[in-house]
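A.B. asks:
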Amino acid sequence: MFGWSKKRKRGSSRPLRRLPKRVLAPVEEIVEQGLLVADVAVRMSVKNAIIMNALQKHVDYDGDQIVEMVRQATEDLAKERERDAKHIARMRGEIRDTGRSSWSESDYGNDDNRTLRHRQEVYERVAEELHARAADDEALRATAQRARDMAWDEIGDSLKERATHPYYSGGASEEYQEARESRIQQLIEKDLTSLIQEHVAAPASEKADKPRLFKRKDRD
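The numbers in UniProt numbering rise by one with no breaks, and the one at position 137 of the sequence shown is 137.
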């Protein structure tokens, strides 16, 4: 989800870019926000999977399967945050050993250690909480139910919008009524296909727009 750029060569004469000095928000507050973001991300991911299974693969709804999808999505996010925390720890270790850590567009030094330590703690706490949620059957089932409700609401709204269009909903003339059956069949065959295609494209765009806990330009 996050991409750290390759380590920059030491020979550059570019001046150091320090992290801006700021009053750091309490770790608990940022962790809470990070968990809210993670909760939304998991629900959206599972919701889209339910829609795809129902409309494209014609898979019957399986409650245990959806719970497992929620668990896996939560674990995946926890592992991402663990990788982020380990990367920050490596940077801090390099600063401790050499006085600086150079990565792509940013050079971090001793003055940045406080901010980096704060970030590392946030990532570690978020990962810990996500692992705990992934082991909580009650929480998993609650999230699965919310994702399922969102999926069926979205499917229902899409079908309702199409079905109430004058082209499908009916008319007064005898000729229109005679052709209504073929139009309903078209709704099933053509418009449901369109709905499927919309959700095939949705995961990629949502991934690109996915909220991030921290905006970063660098990664290893």
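We put the CB at the ideal spot given by N, CA and C, even for glycine. This one's a predicted model, so the numbers in the text were calculated from it and none came from an experiment.
How big is the Cα-Cα spacing for Arg43 and Val122?
C.D. replies: Looking up residue 43 in the sequence shown gives position 43. Looking up residue 122 in the sequence shown gives position 122. Taking the straight line joining both Cα atoms gives about 22 Å.
A.B. asks: How is the alpha helix (DSSP H) around Leu36 delimited, first residue to last?
C.D. replies: Stepping through the sequence shown from its first residue, residue 36 is reached at position 36. Looking at the DSSP string, the run of the alpha helix (DSSP H) that includes Leu36 is Val27 to Leu55.
A.B. asks: Label Leu36 either buried or exposed according to how many other C-beta atoms from any shown protein chain fall within 10 Å of its C-beta, with 16 as the threshold for buried.
C.D. replies: Walking along the sequence shown from the start, residue 36 turns up at place 36. With fewer than 16 Cβ atoms within 10 Å of its Cβ, Leu36 is classed as exposed.
A.B. asks: Return the residue from the list Glu129, Arg117 and Arg71 that minimises the CA-CA distance to Ile88.
C.D. replies: As a first step, residue 88 must be located in the sequence shown, where it is residue number 88. Ranking the options by Cα distance to Ile88, first place goes to Arg117.
A.B. asks: Report the residue from Ala151, Glu129, Asn48 and Ala134 whose alpha carbon sits nearest the alpha carbon of Val70.
C.D. replies: To locate residue 70, count along the sequence shown from 1; it is residue 70. Nearest of Ala151, Glu129, Asn48 and Ala134 to Val70, Cα basis: Ala134.
A.B. asks: What's the C-alpha gap between Ala132 and Met150?
C.D. replies: Taking the first residue of the sequence shown as position 1, residue 132 is located at position 132. Taking the first residue of the sequence shown as position 1, residue 150 is located at position 150. C-alpha separation (whole angstroms): 24 Å.
A.B. asks: Would you list the residues sitting across from Ser158 in a DSSP beta bridge?
C.D. replies: Taking the first residue of the sequence shown as position 1, residue 158 is located at position 158. The partner list for Ser158 (beta bridge, DSSP) is empty, contrary to what the question assumes.
A.B. asks: For the putative contact between Ala127 and Arg81, defined by C-beta atoms under 8 Å, what is the C-beta separation to the nearest angstrom?
C.D. replies: To locate residue 127, count along the sequence shown from 1; it is residue 127. To locate residue 81, count along the sequence shown from 1; it is residue 81. That pair is a contact at about 4 Å.
A.B. asks: Determine the direct distance from the alpha carbon of Arg148 to that of Asp62, and round the result to whole angstroms.
C.D. replies: Position 62 of the sequence shown holds residue 62. Position 148 of the sequence shown holds residue 148. Each residue's Cα considered, the two are about 10 Å apart.
A.B. asks: Is it buried or exposed, Ala25, if we count other Cβ atoms within 10 angstroms and call 16 or more buried?
C.D. replies: Here residue 25 refers to the residue found at position 25 when the sequence shown is read from its first residue. The residue in question, Ala25, is exposed, as its Cβ has fewer than 16 Cβ neighbours within 10 Å.
A.B. asks: Hey, which unbroken runs of the beta strand (DSSP E) at 3 residues or more fall wholly within the region 105 to 149?
C.D. replies: 106 to 109
A.B. asks: Pick from Met91, Asp64 and Thr98: whose alpha carbon is nearest that of Arg114?
C.D. replies: The sequence position of residue 114 within the sequence shown is 114, counting from 1. Nearest of Met91, Asp64 and Thr98 to Arg114, Cα basis: Met91.
A.B. asks: Please list the terminal residues of the continuous alpha helix (DSSP H) segment that includes Leu24.
C.D. replies: By 1-based counting over the sequence shown, the position of residue 24 is 24. Where Leu24 is concerned, there is no enclosing alpha helix (DSSP H), given that its DSSP letter is neither H nor E.
A.B. asks: One question on the structure: do Arg119 and Tyr108 come within less than 8 Å of each other, judged by their Cβ atoms?
C.D. replies: Taking the first residue of the sequence shown as 1, we reach residue 119 at position 119. Taking the first residue of the sequence shown as 1, we reach residue 108 at position 108. No. Outside cutoff.
A.B. asks: Using 8 Å for Cβ pairs, my map puts Ile155 next to Ala38. What's the rounded Cβ distance?
C.D. replies: Your numbering for residue 155 matches position 155 in the sequence shown. Your numbering for residue 38 matches position 38 in the sequence shown. Going by Cβ atoms, the distance from Ile155 to Ala38 rounds to 25 Å, so no, they are not a contact pair.
A.B. asks: Do the CB positions of Ile30 and Ile50 come within less than 8 Å of each other?
C.D. replies: Numbered from its first residue, the sequence shown carries residue 30 at position 30. Numbered from its first residue, the sequence shown carries residue 50 at position 50. Not in contact: Ile30 and Ile50 (Cβ atoms no closer than 8 Å).
A.B. asks: Below 8 Å on the Cβ atoms is my contact criterion, and I expect residue 224 with Glu124 to pass it. Report the Cβ-Cβ distance as a whole number of Å.
C.D. replies: Because the chain here runs from 1 to 220, residue 224 falls outside it and cannot be looked at.
A.B. asks: Quick one: Cα of Asp137 to Cα of Ser158, how far?
C.D. replies: Taking the first residue of the sequence shown as 1, we reach residue 137 at position 137. Taking the first residue of the sequence shown as 1, we reach residue 158 at position 158. Cα-Cα distance, rounded: 32 Å.
A.B. asks: Should Thr74 go down as buried or exposed, given a rule of 16 or more other Cβ atoms within 10 Å for buried?
C.D. replies: Residue mapping note: residue 74 aligns to position 74 of the sequence shown, counting from 1. Here Thr74 is buried. Its C-beta has 16 or more other C-beta atoms within 10 Å.
A.B. asks: Do Ala144 and Val46 count as a contact pair if the criterion is CB distance below 8 Å?
C.D. replies: For the purposes of this step, residue 46 is identified with residue 46 of the sequence shown, where counting begins at 1. For the purposes of this step, residue 144 is identified with residue 144 of the sequence shown, where counting begins at 1. Taking 8 Å as the Cβ cut-off, Val46 and Ala144 qualify as a contacting pair.
A.B. asks: For Ala142, count neighbouring Cβ atoms within 10 angstroms of its own Cβ and tell me buried if that reaches 16, exposed if not.
C.D. replies: In the sequence shown, the residue the question calls residue 142 occupies position 142. Exposed, by the Cβ-count rule.
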